[in-house]
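Peer 1:
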Amino acid sequence: MGLNKKENDGKGFTADQADKKSANCSWMSHGAGLQIYFSKFEAQDDPYCDTVSGTCSCFHPDYTILDFMKEPQGGFDTICQFSSFFWQNRQKMNSFLLTKYESLHSDTLGELRRVMKFIGVDASDKHLKEAVAEASFNTMRQKELNGTFGWRLTARNKNDPDTYKTREGKVGAYRQHFDAKTLQMMEQQMLSILPK
174 MGLNKKENDG
184 KGFTADQADK
194 KSANCSWMSH
204 GAGLQIYFSK
214 FEAQDDPYCD
224 TVSGTCSCFH
234 PDYTILDFMK
244 EPQGGFDTIC
254 QFSSFFWQNR
264 QKMNSFLLTK
274 YESLHSDTLG
284 ELRRVMKFIG
294 VDASDKHLKE
304 AVAEASFNTM
314 RQKELNGTFG
324 WRLTARNKND
334 PDTYKTREGK
344 VGAYRQHFDA
354 KTLQMMEQQM
364 LSILPK
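Counting in the numbering used here, the sequence shown runs from 174 upward without gaps.
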């Protein structure tokens with residue numbers, strides 16, 4: 174490729190990564206989702222890349238979380254409907270176990286042990302502790318910084334913590350990022366979709 178190991182190839186990849194990564198965003202034009210997005214931005218196969226941070230995203234930088242939430246298909250309503258579907262149909266499944274982010278956060282080892290038992294895996298405490306350490310917030314953040322998961326799961330701007338996939342690792346932290354009106358809208362949407 175003619176690039177030094179740390180030199181950016183123009184699509185957000187260094188020479189040692191570029192031949193292993195896919196930079197194609199054509200998947201975004203499939204299906205009927207992202208109506209708000211495509212009313213504002215044209216579909217393109219190449220990602221939007223920040224040459225300063227060396228990171229890329231298939232989404233235009235001006236597409237906000239509020240835009241995503243309002244998407245009629247694939248947005249906030251769809252996420253709630255997806256969760257609701259499984260809860261409402263749990264009796265039709267051979268087995269069902271509900272776990273929550275809050276439970277995994279407050280007692281990670283205990284909740285992981287409960288999940289492993291449910292799926293029939295007899296894991297030792299040593300292995301469970303290793304798994305918890307491997308998937309800790311700090312470890313996952315470091316892996317994101319190192320590009321372990323590829324460009325789609327890398328921060329769009331490494332200088333902006335809000336662009337990370339591993340953002341804060343706190344229960345309820347989303348409340349700090351929305352105004353009261355938006356939080357009320359989200360709660361009303363959830364209450365109208367999720368089962369009581």
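Cβ coordinates follow ideal geometry from the N, Cα and C atoms, glycine included. Source: prediction; values computed, not measured.
(1) When burial is assigned at 16 or more other CB atoms within 10 Å of the CB, is GLY320 buried or exposed?
(2) Note down, in chain order, each residue of its chain lying with its Cβ closer than 7 Å to the Cβ of PRO368, except the 5 sequence neighbours on either side.
(3) If you draw a straight line from the C-alpha of GLN362 to the C-alpha of ALA353, how long is it?
(4) Relative to the C-alpha of GLU360, which residue among MET242, ALA296, GLU303 and VAL305 is closest?
(5) For TYR274, which of PHE291, MET266, GLY283 and SER268 has the nearest alpha-carbon?
(6) Less than 8 Å between the C-beta atoms of ARG314 and TYR347, yes or no?
(7) Measure the alpha-carbon distance for ALA296 versus GLN254 and round it to whole angstroms.
(8) Quick one: grab the DSSP three-state call for SER309.
(9) In this structure, how does DSSP classify TYR236 when only helix, strand and coil are distinguished?
(10) Pull the bridge partners of CYS253 from the DSSP assignment, please.
(11) Output the residue ranges of the beta strand (DSSP E) runs that lie fully inside the stretch 332-357 and measure 3 residues or longer, sorted by chain position.
(12) Would a C-beta distance cut-off of 8 Å place ASP235 and ASN330 closer than the cut-off?
(13) Assign GLN268 to one of three DSSP states: helix, strand, or coil.
(14) Please report how far the alpha carbon of ASP280 lies from the alpha carbon of LYS213, in whole angstroms.
(15) If we count the other Cβ atoms within 10 Å of its Cβ and call it buried at 16 or more, is ILE209 buried or exposed?
(16) Can MET201 and CYS229 be called in contact, C-beta distance under 8 Å?
(17) Between THR312 and VAL288, what straight-line distance do the alpha-carbon atoms span, to the nearest angstrom?
(18) If you reduce the DSSP assignment to three classes, tell me which class MET297 lands in.
(19) Excluding the five sequence neighbours on either side, which residues of its own chain have a C-beta within less than 7 Å of the C-beta of GLY248, listed in chain order?
Peer 2: This is what the structure gives:
(1) Within the sequence shown, the letter at position 147 stands for residue 320. Burial call: buried.
(2) Locating residue 368 in the sequence shown gives position 195, where the first residue counts as 1. So the list reads SER257, TRP260 and GLN261, once near-sequence residues are dropped.
(3) Within the sequence shown, numbered from 1, the residue matching residue 362 stands at position 189. Within the sequence shown, numbered from 1, the residue matching residue 353 stands at position 180. Each residue's alpha carbon lies about 14 Å from the other.
(4) Against the sequence shown, residue 360 aligns to sequence position 187. Of the listed residues, the one whose Cα sits closest to GLU360 is MET242.
(5) As a first step, residue 274 is located in the sequence shown; it is residue number 101 there, counting from the start. Taking each of PHE291, MET266, GLY283 and SER268 in turn and checking the Cα distance to TYR274, the smallest one comes out for GLY283.
(6) Within the sequence shown, the letter at position 141 stands for residue 314. Within the sequence shown, the letter at position 174 stands for residue 347. Not in contact: ARG314 and TYR347 (Cβ atoms no closer than 8 Å).
(7) If you number the sequence shown from 1, residue 296 lands on position 123. If you number the sequence shown from 1, residue 254 lands on position 81. The alpha-carbon atoms of ALA296 and GLN254 are separated by roughly 33 Å.
(8) Within the sequence shown, numbered from 1, the residue matching residue 309 stands at position 136. Coil, per DSSP.
(9) Locating residue 236 in the sequence shown gives position 63, where the first residue counts as 1. Correct three-state label for TYR236: coil.
(10) Counted from its first residue, the sequence shown places residue 253 at position 80. The beta-bridge partner set that DSSP reports for CYS253 is empty.
(11) Restricted to the stretch 332-357, not a single beta strand (DSSP E) segment is unbroken, complete and at least 3 residues in length.
(12) Here the question's residue 235 lines up with position 62 in the sequence shown. Here the question's residue 330 lines up with position 157 in the sequence shown. No; because the gap between Cβ atoms is not below 8 Å, this pair is not in contact.
(13) Taking the sequence shown and counting its residues from 1, one reaches residue 268 at position 95. Position check: residue 268 holds Ser in this sequence, whereas Gln was assumed. The answer is coil: DSSP assigns SER268 none of H, G, I, E or B.
(14) As a first step, residue 280 is located in the sequence shown; it is residue number 107 there, counting from the start. As a first step, residue 213 is located in the sequence shown; it is residue number 40 there, counting from the start. Distance between the alpha carbons of ASP280 and LYS213 is about 43 Å.
(15) By one-based count along the sequence shown, residue 209 stands at place 36. Result: buried.
(16) Residue numbering aside, residue 201 sits at position 28 when the sequence shown is read from its first letter. Residue numbering aside, residue 229 sits at position 56 when the sequence shown is read from its first letter. Result no, Cβ atoms of MET201 and CYS229 do not sit closer than 8 Å.
(17) Along the sequence shown, one-based indexing puts residue 312 at 139. Along the sequence shown, one-based indexing puts residue 288 at 115. Here the alpha carbons of VAL288 and THR312 stand approximately 21 Å from one another.
(18) Locating residue 297 in the sequence shown gives position 124, where the first residue counts as 1. The sequence given here places Ser at residue 297; Met does not occur at that position. In the structure shown, the three-state DSSP call for SER297 is coil.
(19) Numbered from 1 along the sequence shown, position 75 holds the residue referred to as residue 248. Spatial neighbours of GLY248 in its own chain (CB-CB distance under 7 Å, excluding positions within 5 residues in sequence) are listed in chain order as PHE241 and MET242.
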